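End of the sequence shown sits at 155 in the numbering used here; the numbers just go up one at a time, nothing left out. The structure appears below as structure tokens.
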Amino acid sequence: MMTDSIYTEIIMYHNKEGHNKHLLDHPSHVERGHNPNCGDDLTLQVEVEAGFIKDASFVGNGCAISTAAMSIMIDLVKGKSVEDANQLVKDYLEMIRGHELSAEALESLEDAQIFASLQKMPARVKCGTLGWHCMRVVLESQDSSESKITLDHNI
1 MMTDSIYTEI IMYHNKEGHN KHLLDHPSHV ERGHNPNCGD DLTLQVEVEA GFIKDASFVG
61 NGCAISTAAM SIMIDLVKGK SVEDANQLVK DYLEMIRGHE LSAEALESLE DAQIFASLQK
121 MPARVKCGTL GWHCMRVVLE SQDSSESKIT LDHNI
């Protein structure tokens, strides 16, 4: 599902649809991602319960790439175990860095595969990884037993 044009139908759909853009009632984790260079400012809210991502959403403003990447990521991780979500994040970030993934790992990224072309657009990499870095921080916090609310992540 590779493409030369980053503004694909899938990206525009996720940017405009907004099905993952809302406040959660009871997030256990909140992580703000801010890219001062381009103005992307998105806050990821995640509800982790019993080792699973029960729900997730985001709020804020960003370009089509950052909001679509965040929305696609949320679709991928909802309902997954923290361990499985962590693997998705690792695979995605490796893909963006240009590392070759196994066919199975690439397939598990589903629609997020379209962002593989970002590796050829260094100025857009931060846009496509902002939300994923927020999720990485949330998942890493699962090593401690306490919830993390209102963290700030600048890239």
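Ideal Cβ placement from N, Cα and C applies to all residues, glycine included. This structure is a prediction, so every number in the text was calculated from the model and none was measured.
- Within the stretch 28 to 100, the complete beta strand (DSSP E) runs of at least 3 residues fall at 29 to 35, 40 to 49, 52 to 61.
- Residue pairing of K21 in beta bridges, as defined by DSSP: F58.
- Per DSSP, reduced to three states, the secondary structure at M121 is coil, with no helix or strand assignment.
- Comparing C-alpha distances from F52 to each of I114, H29, E104, I10 shows the shortest one belongs to H29.
- For E49, the CB contacts under 8 angstroms within the same chain, skipping 5 residues up- and downstream, are S28 in chain order.
- For E107, the uninterrupted alpha helix (DSSP H) segment begins and ends at 103 to 108.
- Sequence-distant partners of K90 (beyond 5 residues in either direction) whose C-beta falls short of 7 angstroms from its own C-beta are missing from its chain.
- DSSP places H14 within a helical segment (H, G or I) once states are collapsed to three.
- The beta carbon of M95 sits closer than 6 angstroms to the beta carbons of L101, A116 from its chain, once the five residues preceding and following it are set aside; these are given in chain order.
- Taking a contact as a CB-CB distance under 8 angstroms, the pair C134 and L24 does not count as one, their CB atoms being some 14 angstroms apart.
- For H133, the three-state secondary structure derived from DSSP is helix.
- Nearest to I74 by alpha-carbon distance, out of V125, P122, V46, is V46.
- Here V59 has K21, H22, L23, L42, T43, Q45 as same chain residues with Cβ atoms under 8 angstroms from its own Cβ, once five neighbours each way along the sequence are excluded.
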